[in-house]
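Anchor point for the sequence shown: position 209 equals 209 in the UniProt record's numbering, and the numbering is continuous, going up by one each time.
Yeah, the Cβ is synthetic: ideal placement off N, Cα and C, and Gly gets one too.
First comes the structure, then the notes that go with it.
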Amino acid sequence: MIAIDGPSGTGKSTVSRRVAAALHAGYLDTGAMYRIVALEVLRAGLDPADQPAVADLLPRLDFDSPTDPEDQRQVSAGVDVTQEIRSQAVTFAVTPVSANPAVRSWLLDRQRRLARSGRMVVEGRDIGTVIVPEAALKIYLTADEGERARRRHRQNRAAGTTDAGDVGSVALDLARRDRMDSSRVHAPLQAAADAVLVDSSGLQIDETVTRVLELAAERGIR
Numbered sequence: 001m002i003a004i005d006g007p008s009g010t011g012k013s014t015v016s017r018r019v020a021a022a023l024h025a026g027y028l029d030t031g032a033m034y035r036i037v038a039l040e041v042l043r044a045g046l047d048p049a050d051q052p053a054v055a056d057l058l059p060r061l062d063f064d065s066p067t068d069p070e071d072q073r074q075v076s077a078g079v080d081v082t083q084e085i086r087s088q089a090v091t092f093a094v095t096p097v098s099a100n101p102a103v104r105s106w107l108l109d110r111q112r113r114l115a116r117s118g119r120m121v122v123e124g125r126d127i128g129t130v131i132v133p134e135a136a137l138k139i140y141l142t143a144d145e146g147e148r149a150r151r152r153h154r155q156n157r158a159a160g161t162t163d164a165g166d167v168g169s170v171a172l173d174l175a176r177r178d179r180m181d182s183s184r185v186h187a188p189l190q191a192a193a194d195a196v197l198v199d200s201s202g203l204q205i206d207e208t209v210t211r212v213l214e215l216a217a218e219r220g221i222r
């Protein structure tokens, strides 16, 4: 099992999917789970920061969590929400939603069950510290702030996000999310003590994937 953690805009999702495909492994995007919850919170007309109200909504949610790196369609209540969960509204809502202890607890069992269901590459923000601390390889993927903002802006545009904003606004949003993710009480964003730091600044995606695969091979993961 490979755990890949790190902040937004580091290429984490693309790298994780490609590593999983190269290793013929499953791939789990835990961030998509939080985004689906955030989307359903908004659909229900709730304040994402209203923790009791959000907690009350959880038992009524029904969504899939795909593990095929080649097919990451996200479906909630029978509807494909793959593009909708990447909207700016969901991006703003997901930070307070993911800081909600009830949400993290509710998703924990699902995340662990799927992560431990076979040969997996799991990505998120607390994989190596909380979800699967026993992972054979833990990667903490990072990049400088400017690079992250440019990547996320390109990703938003490529995904057809209508409210993608400009690079400056994306940089401000990433800084906001970093502060909140790193300072939350439950499962803050941080590298596991035994994680390998991989700085993707200036690297192409293929180069970062190659580096992760080299680290995996060193641990007998091929």
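Using DSSP with H/G/I as helix, E/B as strand and the rest coil, what is residue i?
i      : result
GLU70  : coil
THR210 : helix
SER76  : strand
GLY146 : helix
LEU203 : coil
TYR42  : Tyr is not the amino acid found at residue 42; the sequence shown has Leu there. Three-state DSSP puts LEU42 in a helix.
GLU84  : helix
ILE127 : helix
VAL15  : helix
LEU108 : helix
LEU197 : strand
ILE221 : coil
LEU215 : helix
Rounded to whole angstroms, what's the CA-CA distance from residue i to residue j? Just pull it up for me.
i      : j      : result
ALA22  : ALA38  : 31 Å
ALA32  : ARG211 : 25 Å
ASP56  : ALA44  : 11 Å
ALA25  : GLY11  : 19 Å
PRO188 : ARG125 : 8 Å
GLN83  : ARG176 : 22 Å
ARG150 : ASP199 : 16 Å
VAL132 : ALA3   : 7 Å
GLY165 : ARG154 : 10 Å
ASP62  : THR95  : 21 Å
ILE144 : ARG179 : Checking the sequence, you will find Asp at residue 144 rather than Ile. In a straight line, the C-alpha of ASP144 is about 15 Å away from that of ARG179.
TYR34  : PRO66  : 14 Å
ARG219 : GLU123 : 18 Å
SER105 : ILE205 : 33 Å
Assuming the contact rule is C-beta atoms closer than 8 Å, residue i and residue j should be a hit. Round their C-beta distance to whole Å, please.
i      : j      : result
ALA93  : LEU58  : 15 Å between Cβ atoms; not a contact.
ASP29  : SER8   : Actually they are not in contact, since the Cβ atoms of ASP29 and SER8 sit about 13 Å apart, beyond 8 Å.
ALA53  : GLY128 : About 31 Å; that fails the 8 Å criterion.
LEU213 : VAL19  : 6 Å
THR142 : GLY6   : 6 Å
VAL41  : VAL97  : 6 Å
The beta strand (DSSP E) with residue i in it runs from where to where?
i     : result
ASP5  : 2–5
GLY26 : 26–29
Starting from residue i and walking both ways along the alpha helix (DSSP H), at which residues does that stretch end?
i      : result
LEU174 : 167–183
VAL94  : 88–98
PRO52  : 51–57
ARG119 : Per DSSP, ARG119 belongs to no alpha helix (DSSP H) and is neither H nor E.
Does any residue of chain B have a CB that is nearer than 8 Å to the CB of residue i?
i     : result
GLU40 : Reference to chain B is not applicable here, since this structure consists of a single protein chain.
Can you confirm whether the segment 112–119 touches the segment 85–101 when touching is taken to mean that 3 or more C-beta pairs between the two stretches lie within less than 8 Å?
no
Please determine if the segment 136–143 and the segment 39–59 are in contact, where contact requires at least 3 C-beta pairs separated by less than 8 Å.
no
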